[in-house]
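The structure under discussion appears below in the form of structure tokens.
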Amino acid sequence: MRLTICAVGRLRKGPEADLIDDYLARATRTGRALGLGAASVLEVEDRKGGGQQAEAALLSKAIPDRARVIALDERGTLMTSPDLANLVARWRDDGIPETAFVIGGADGLTDEIRARSDHLLSFGRMVWPHMLARAMLAEQIYRATTILAGSPYHRV
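Taken in order, the sequence shown gives residues 3 to 158; the numbers are from our numbering.
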């Protein structure tokens with residue numbers, strides 16, 4: 003099962019991009035033995051300034067067919083890292099080919115994107131900058147693979 007972050011906005015080169023690339027490369031390496039494919043980022047950008055609705059249309063097109071969707075939203079469910087790992091493992095074991103993690107733009111996600119999602123995930127009631135949310139998500143994807151692999155990276 004592939005793991006894809008579908009996000010609004012283009013990330014410029016810099017420390018955040020390096021951090022995200024590092025965590026996703028680690029997740030890809032660790033996940034191979036677990037039946038998890040490549041972890042990657044798919045970026046969309048509304049260059050015409052259509053706002054939240056235009057971003058939602060681009061995100062909808064970016065979400066791979068037959069993917070389960072986890073949308074990041076401050077109104078979503080708080081999960082532990084093992085809970086997220088178990089959710090990914092359950093979907094993998096059910097034969098789901100891809101999980102898409104969706105991060106909206108500055109105005110968040112539309113009700114349609116939230117309704118389309120299989121799970122709403124919150125990193126807390128605070129709103130995080132877009133690029134930090136990506137970095138935190140990339141780390142949690144890597145952490146999920148290490149939990150499933152039985153690695154000591156995740157300690158309780």
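Backbone N, C-alpha and C define an ideal beta-carbon position, used for all residues, glycine too.
CB-CB length for residue i against residue j, believed under 8 angstroms
i, j, result
"L111", "A58", "7 angstroms"
"T32", "I72", "With a Cβ gap of about 19 angstroms, T32 and I72 do not count as contacting."
"E45", "L13", "7 angstroms"
"L61", "I115", "6 angstroms"
"V90", "A146", "5 angstroms"
Residue i vs residue j beta-carbon contact at 9 angstroms
i, j, result
"R70", "D113", "no"
"R118", "I98", "no"
"L80", "A135", "no"
"T64", "C8", "Thr is not the amino acid found at residue 64; the sequence shown has Ala there. Yes; because the gap between Cβ atoms is below 9 angstroms, this pair is in contact."
"I149", "P66", "no"
CA-to-CA distance, residue j to residue i, given in whole angstroms
i, j, result
"A87", "S42", "17 angstroms"
"A151", "L36", "7 angstroms"
"V104", "G53", "16 angstroms"
"R92", "L5", "14 angstroms"
"Y144", "K50", "34 angstroms"
"R94", "L38", "8 angstroms"
"A137", "G11", "14 angstroms"
"L26", "E141", "8 angstroms"
"R34", "A40", "8 angstroms"
"M133", "G16", "11 angstroms"
Environment of residue i [buried if 16+ CB atoms lie within 10 Å]
i, result
"R127", "exposed"
"T30", "buried"
"G106", "buried"
"V129", "exposed"
"T82", "exposed"
"A108", "exposed"
"R77", "exposed"
| request: Let me know the alpha helix (DSSP H) ranges lying completely inside the stretch 11-52, each 4 residues or longer, listed in chain order. | output: Segments of the alpha helix (DSSP H) lying fully in the stretch 11-52: 17-34.
| message | As an exercise, report each continuous beta strand (DSSP E) stretch of at least 3 residues that is fully enclosed by the stretch 111-151, in chain order. | response | 121-124
| said: List, from N- to C-terminal side, the beta strand (DSSP E) runs of 3 residues or more that fit wholly inside the stretch 40-109. | reply: 41-46, 69-80 and 100-105
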